[in-house]
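Numbering (UniProt numbering), first residue to last: 1 to 154. No residue lacks a Cβ here, since even glycine has one placed at the ideal position from N, Cα and C. Fair warning: this is a prediction, and the values are worked out from it, not measured in the lab. What follows is a short report on a single structure.
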């Protein structure tokens, strides 16, 4: 692999991680599911749940997002180790939000990722979520009206 190819791969994998957050926050469930390989898995052992395959992942993100009054996720760069057409990495996550039932969550977590190069670009073969800090103190803020052009579940 050339140095240029390694740089391109890293940029594409970072973009994939950014697309994951954007698709989830914008409620673009088809795009969210498309970021995984056909046999990809999204795992959250702390709940505990796991979803395998694009169909399950798409249904899961729509169902999970439906529980939130508002939800904000930010992702911070972590590690990427490329080995040919596969890679592993970690991404650091901060999230907060309030559910329709009034429960609030603020957490700092990380995703342990596995990636594969496909003809459509890099895709997740696995995202495993690990919560490192959780605060369920009620959030006092609120979600203002959406800006023109933004998307928010009703």
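query	result
Please go through the same chain and pick out, in chain order, the residues whose beta-carbon is closer than 6 Å to the beta-carbon of residue 32, but skip the five residues on each side of it.	23, 24 and 61
Going by the DSSP bridge assignment, what does residue 50 pair with across the sheet?	43
What residue does the beta strand (DSSP E) around residue 97 start on, and which one ends it?	86-99
Could you check whether the stretch 94-110 touches the stretch 129-143, counting it as contact only if at least three pairs of C-beta atoms, one from each stretch, sit closer than 8 Å?	yes
Please state the DSSP three-state secondary structure of residue 139.	coil
Would you identify the three-state DSSP class for residue 16, choosing helix, strand or coil?	helix
Taking the alpha helix (DSSP H) that residue 34 falls in, what are its first and last residues?	29-34
Ignore the nearest five residues each way along the sequence and tell me which others in residue 117's own chain have a CB closer than 7 Å to its CB.	85
Assign residue 119 to one of three DSSP states: helix, strand, or coil.	coil
Specify, as a first and last residue, the run of the beta strand (DSSP E) that residue 67 falls within.	Here residue 67 belongs to no beta strand (DSSP E), and DSSP marks it neither H nor E.
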